[in-house]
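**Q** Below are the structure tokens for one structure; questions will follow.
Residue numbers (the UniProt record's numbering): 1 to 288.
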């Protein structure tokens, strides 16, 4: 049997993804591909760079050759309608038309929403950063295969300042919290189905702490911290917990539980996408 073929769509422009590689060791798309291989080690993961002008991108026929498509997060804002963003929206429309199982985190959810006719805005409630807390499944979410085996209320890594403003037709909200009314969604559009989440389960605490250290100026300017020394101690605590997950004193102090620290819990949505969409549709297409 041929291995699964997955396409990881990198949401960032070159400078942003190379900045992530310089601080973390991998680009966001490389990191996401590593997470996917956790569940299908033999998978072939190609990467697309639609933010790059002149990128060679597959059409719906080419996308149909893949078993799944995943969009990463991004530092872009889709509501600005910049060319780097709109190329990704057009690619998302092609993914819908291909019928290939489609998934995205944060930026991926926003791009897929706009591609299907919805809209995204800067969140008037402000940025949600570090940990999205008290994400609560809707009635539809409790029954949805994306959340099979997931607690009805949980926390997850996150970094986002934008949110879904208006849902497209044929969209079902699966989860929400006090910061974002759409923390997860199922969208059906032009023969395709997208499962998306506004948070970032693909971020380990290690990757998250690296990102947050880059966000120090933002965390100060937006009022999350008023004292740089307090911010530095918080980052040092997170890094100490990365180094030793048995530091229950740090985990307790910041309310960081198994839904962040245990990969089997944190990554459940991605695992469910692979099991209930990617593998199921592959079998229905007669590929395995």
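Don't be surprised by glycine CBs; every beta carbon is placed ideally from N, CA and C.
#1: Who are the near neighbours of residue 8 in its chain, counting only those whose CB is closer than 6 Å to its CB and skipping five residues on each side?
#2: State the CB to CB distance for the pair residue 235 and residue 130, rounded to an integer number of angstroms; the pair is presumed to be in contact (CB under 8 Å).
#3: Measuring alpha carbon to alpha carbon, tell me which of 267, 61, 127 and 138 ends up nearest residue 205.
#4: Any idea which residues DSSP pairs residue 195 with across the strands?
#5: Give me the Cβ distance between residue 161 and residue 11, rounded to the nearest whole Å; I'm assuming they're in contact under 8 Å.
#6: Can you say whether residue 53 is buried or exposed, counting buried as having 16 or more other CB atoms within 10 angstroms of its CB?
#7: Span of the alpha helix (DSSP H) holding residue 29?
#8: For residue 136 and residue 201, I'd like the C-alpha separation in whole angstroms.
#9: What residue range does the beta strand (DSSP E) around residue 3 cover?
#10: Determine the burial state of residue 143: buried for a count of at least 16 other Cβ atoms within 10 Å of its Cβ, exposed for fewer.
#11: DSSP three-state label for residue 202, please.
#12: Quick check on the DSSP output: the alpha helix (DSSP H) that includes residue 157 runs from which residue to which?
#13: Closest by CA to residue 185, which one among 223, 140 and 20?
#14: What residues match up with residue 46 in a beta bridge as DSSP calls it?
#15: Beta-carbon within less than 7 Å of residue 97's beta-carbon, same chain only, minus the 5 sequence neighbours each way: which residues are those?
#16: Of all the options 271, 39 and 85, which has the alpha carbon lying nearest to the alpha carbon of residue 50?
#17: Can you give me the start and stop residues for the alpha helix (DSSP H) that residue 141 sits inside?
#18: For the segment 33 to 42 against the segment 73 to 88, do three or more pairs of beta-carbon atoms, one drawn from each stretch, fall closer than 8 Å, so that the two count as touching?
#19: Can you look up residue 245 in the DSSP assignment and give me helix, strand or coil?
#20: According to the neighbour-count rule (16 or more other Cβ atoms, all chains shown, within 10 Å of its Cβ), is residue 68 buried or exposed?
#21: Given a threshold of 16 other Cβ atoms within 10 Å of its Cβ, counted over all protein chains shown, does residue 105 qualify as buried or as exposed?
#22: Whole angstroms are fine: how far does the CA of residue 27 sit from the CA of residue 18?
#23: Among all the DSSP beta bridges, which residues are the ones paired with residue 68?
#24: Using the C-alpha atoms, what's the distance from residue 102 back to residue 171?
#25: Distance check for residue 92 and residue 288, CA to CA, integer angstroms please.
#26: According to DSSP, what are the bridge partners of residue 135?
#27: Compare the Cα-Cα distances from residue 79 to each of 256, 157, 118 and 223 and report the closest residue.
#28: Apart from the five residues just before and just after residue 237, which ones in its own chain have a Cβ nearer than 6 Å to its Cβ?
#29: Helix, strand or coil: which one does DSSP assign to residue 90?
#30: On a Cα-Cα basis, can you pick out the residue from 20, 284, 116 and 90 that is closest to residue 188?
**A** On the basis of the coordinates in this document:
#1: 29, 32, 33, 45, 47 and 70
#2: In fact, because the Cβ distance is near 10 Å, the residues do not count as touching under 8 Å.
#3: 267
#4: 103 and 186
#5: A Cβ-Cβ distance of about 14 Å is found for the pair residue 161 and residue 11, leaving them out of contact under the 8 Å criterion.
#6: exposed
#7: For residue 29, the enclosing alpha helix (DSSP H) covers residues 28 to 39.
#8: Roughly 15 Å between the two C-alpha positions.
#9: Note, residue 3: premise wrong, no beta strand (DSSP E); not H, not E.
#10: exposed
#11: coil
#12: Here residue 157 belongs to no alpha helix (DSSP H); instead the beta strand (DSSP E) covers 153 to 160.
#13: 140
#14: 7
#15: 60, 190, 191 and 192
#16: For residue 50, the nearest C-alpha among the options comes from 85.
#17: Counting along the chain, the unbroken alpha helix (DSSP H) around residue 141 starts and ends at 139 to 143.
#18: no
#19: coil
#20: buried
#21: buried
#22: 6 Å
#23: In the DSSP output, where bridge partners are listed per residue, residue 68 has 6.
#24: 14 Å
#25: 25 Å
#26: 154
#27: In terms of Cα proximity to residue 79, the closest of 256, 157, 118 and 223 is 118.
#28: Closer than 6 Å at Cβ, skipping near neighbours: 250.
#29: helix
#30: 116
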